[in-house]
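What follows is a short report on a single structure.
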Amino acid sequence: MVASSSNWAKLQLQLHASRPANPAPRKRPADTPHDPARKQPKPSLAAAAPSIGDAPVRLDEKLLTARLALDCEMVGVGFAKKNALARVVVVNFDEVVVYSCFVKPAQRITDFRTHVSGVRPEHMAHALPLKQVIAEVGRICRQRTLIGHGLSNDLKVLSLQHPRQLIRDTAAYEPLKKLVGEHLRSQRLKTLAWEELGWAIQTGEHNPCEDAVAALRLYKRHMHAWERAPLPQRAPPLHSGKGYSGGAKKKGTGRGSGRPQHPR
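In UniProt numbering, the protein residues as written are 1 to 264.
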């Protein structure tokens with residue numbers, strides 16, 4: 001028993017010697033608050049989307065792909081401050097900006113809506129005429145799949161029509177809608193980008209390039225199921241006014257009518 005007590009005493013001395021002279025105090029649970037609802041801030045899409053300045057980006061035919069994303073910003077014109085096109089951006093399937101410009105409306109701008117549109121009076125100094133933009137965007141989009149959010153609004157201010165089978169609208173796609181009562185309602189692009197992609201967009205003035213890329217990435221996320229869906233599920237009402245029609249009329253209206261066979 002004496003030997004055992006002696007060994008135990010030596011061990012205690014060794015353990016005491018190995019301890020630091022001034023050990024840091026251990027934090028109690030109360031010292032380190034933990035909120036399970038707290039999450040790391042999600043990255044902004046601005047870091048991932050291609051950046052564009054105010055200068056026009058003229059079309060490079062080599063950059064066109066079979067699927068393009070489109071977004072427009074609008075201002076108010078006339079006494080009633082009706083919607084009018086003031087900026088348009090087209091992005092290809094690889095998220096490269098293939099066309100971007102400010103647009104000078106045919107009527108006098110009475111509300112720039114800068115807090116949303118990002119359009120300012122000085123942008124009109126190098127804005128392109130509306131007719132020129134309509135012709136150029138119409139040529140770009142001809143017989144190509146258009147991706148966007150609320151595309152019927154964009155096509156309306158562009159005075160363009162586009163075949164239903166070549167429309168992929170994230171505002172009209174049923175799996176991206178929200179059930180409100182007994183009805184499915186379209187969600188805002190800002191909400192979908194946050195919930196589906198984890199990206200914060202439209203935190204201030206809208207960036208049409210950001211919005212186009214957000215819609216494009218939503219489409220890519222659901223692309224395989226979307227392309228197998230019946231046509232009505234992915235076809236919003238089209239602009240019915242006079243204007244360019246984006247493709248030849250087809251008799252077929254089934255899910256395979258006019259579907260592009262291109263990989264992108």
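Just so it is clear, CB atoms sit at the ideal spot from N, CA and C, and this is done for glycine as well.
Quick caveat: nothing in here was measured; it's all calculated off a predicted structure.
- When His162, Ala125 and Ser152 are compared, the shortest CA-CA separation from arginine 139 is found for His162.
- With a 10 Å radius around the Cβ and a threshold of 16 neighbouring Cβ atoms, threonine 114 comes out exposed.
- Beta-bridge partners assigned by DSSP to proline 129: Lys104.
- Ranked by Cα distance from arginine 164, the options Gln143, Arg221 and Leu176 are led by Gln143.
- Relative to alanine 225, the option among Gln187, Tyr173 and Val133 whose CA is nearest is Tyr173.
- Between the C-alpha atoms of threonine 191 and glutamine 132 there is a straight-line separation of about 34 Å.
- With 16 or more other Cβ atoms inside 10 Å of its own Cβ, glycine 148 counts as buried.
- Under the three-state reduction of DSSP output, threonine 191 falls in the helix class.
- Bridge partners of arginine 168 according to DSSP: Ile147.
- For the pair glycine 78 and arginine 108, the CB atoms are nearer than the 8 Å cut-off.
- In the three-state scheme derived from DSSP, where H, G and I count as helix and E and B as strand, asparagine 153 is classed as helix.
- Under the DSSP assignment, aspartate 111 falls in the beta strand (DSSP E) whose first and last residues are 109 to 111.
- Less than 8 Å separates the beta-carbon of leucine 130 from that of leucine 85.
- One alpha carbon belongs to glutamate 205, the other to glutamate 73, and they sit about 10 Å apart.
- In terms of Cβ geometry, aspartate 71 and valine 97 do not form a close pair [threshold 8 Å].
- If you look at alanine 69, you'll find it in the beta strand (DSSP E) that goes 67 to 77.
- The C-alpha of leucine 64 lies about 38 Å from the C-alpha of histidine 183.
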